[in-house]
Amino acid sequence: MDRFLRPLVRDWWGILLLLLAWQAWVVLSGLNAIVMPRPLDVVADIATNLPVYLPALGVSLAAAAAGLVGGFALGLGLGIVTWASTVAAGMLTPVTVLFSSVPVVTLIPILARLFGYGPGTVVAITVIISFFPAFVFSSAGLRALPPGSADLLRVLGASRWKTLSLLALPAAVPNLAVALRIGAAHALLAAMVAEYLMGSSGLGAMFAAAKSELNTERALGASLIVAAISLALYLLSLRVERWARARYG
1 MDRFLRPLVR
11 DWWGILLLLL
21 AWQAWVVLSG
31 LNAIVMPRPL
41 DVVADIATNL
51 PVYLPALGVS
61 LAAAAAGLVG
71 GFALGLGLGI
81 VTWASTVAAG
91 MLTPVTVLFS
101 SVPVVTLIPI
111 LARLFGYGPG
121 TVVAITVIIS
131 FFPAFVFSSA
141 GLRALPPGSA
151 DLLRVLGASR
161 WKTLSLLALP
171 AAVPNLAVAL
181 RIGAAHALLA
191 AMVAEYLMGS
201 SGLGAMFAAA
211 KSELNTERAL
221 GASLIVAAIS
231 LALYLLSLRV
241 ERWARARYG
């Protein structure tokens, strides 16, 4: 039991403290449940209405996973292109930085016209959120080569792509793990926000419907699930990052 509780308290103590403060504040202030329910009531609503939450969670997780994989693949692919060509790097890097400064919310009407008001747009938004860290960290990681290693392979007659597979990609693994940590922590949240703004299915749509019905427990339940899973994904990807740094760093 101690082996289970110690990592739980170590990694989640801040969340547990926040929940205790939330519970104490609501009880002491006597707020109406419509305004702010107690966290125990929110957890009870989740536990007693799993058939309602789970399908919405499945939709949001699928969109988040598809967007994370798509954004990561696109970012890594363009990172390789910029590594292979200085001309491509000069063209793509400023455009990517400029594009990343545009709030994603302002792109939703354009994306909705392209993909419709459905899961396709939610995935596209998640791809955009996941793309930038993957591109930045893969581009930096591919250039973080040990001194003289690229010259050695060149003397041995290795091609550009042989250098990529044998040297550059392994050197970029720690940076790719950082990109995964950042992207994984934000992918589900991005999917939920997109679903909320789009009014489609998933936990975001559940939050919007519950908010309009003054069902604060249900709205906070959807938010609590997303926060818990996002934190779990962050902690898991942090372990992956530590392994990658120990193995390839």
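When we follow the UniProt record's numbering, the leftmost residue of the sequence shown carries the number 1, and every step to the right adds one.
In this text, a Cβ means the ideal position worked out from N, Cα and C, and glycines have one as well.
Worksheet item: Looking at C-alpha atoms only, which residue of P51, S29 and Q23 is the closest neighbour of R38?
Response: Q23
Worksheet item: Looking at the unbroken alpha helix (DSSP H) that takes in N175, where does it start and where does it end?
Response: L169 to M198
Item to complete: Note down, in chain order, each residue of its chain lying with its Cβ closer than 7 Å to the Cβ of A208, except the 5 sequence neighbours on either side.
Response: Y196 and G199
Worksheet item: Just to confirm, are S138 and G79 a CB contact at a threshold of 8 Å?
Response: yes
Worksheet item: From this set, L231, S29 and E241, which residue's C-alpha is nearest A14's C-alpha?
Response: Just to set this straight, residue 14 is Gly in the shown sequence, not Ala. It is L231.
Worksheet item: Do three or more CB pairs link the stretch 44-51 to the stretch 165-172 at distances below 8 Å?
Response: no
Worksheet item: Within this structure, are the beta carbons of M192 and L176 separated by less than 8 Å?
Response: no
Fill in: Test item: CB-CB of A73 and V81 under 8 Å
no
Discussion item. Buried or exposed for F99, going by 16 or more other Cβ atoms inside 10 Å?
Written reply: exposed
Worksheet entry | Span of the alpha helix (DSSP H) around E241 | T216 to Y248
Worksheet item: Whole-angstrom Cβ separation of A244 and P174, contact assumed at under 8 Å?
Response: 5 Å
Item to complete: Count the CB pairs spanning the stretch 50-57 and the stretch 109-125 that are closer than 8 Å, and state whether there are at least three.
Response: no
Item to complete: Determine the burial state of G118: buried for a count of at least 16 other Cβ atoms within 10 Å of its Cβ, exposed for fewer.
Response: exposed
Item to complete: Taking only the alpha-carbon atoms, compute the straight-line gap between L214 and I34 and give it to the nearest angstrom.
Response: 6 Å
Discussion item. In the DSSP assignment, the alpha helix (DSSP H) including L55 goes from what residue to what residue?
Written reply: Here residue 55 is Pro; the residue named in the question, Leu, does not match the sequence. Residues L50 to A84.
Practice prompt. Label T86 either buried or exposed according to how many other C-beta atoms from any shown protein chain fall within 10 Å of its C-beta, with 16 as the threshold for buried.
Written response: exposed
Practice prompt. Would you identify the three-state DSSP class for I46, choosing helix, strand or coil?
Written response: helix
Item to complete: Verify whether the separation of the beta carbon atoms of A187 and I128 is less than 8 Å.
Response: no
Worksheet item: Alpha carbon to alpha carbon, what distance is there between S29 and I225?
Response: 25 Å
Worksheet item: Ordered along the chain, which non-local residues of its own chain (more than five positions away) have a Cβ less than 8 Å from that of A64?
Response: T126, A187, L188, A190 and A191
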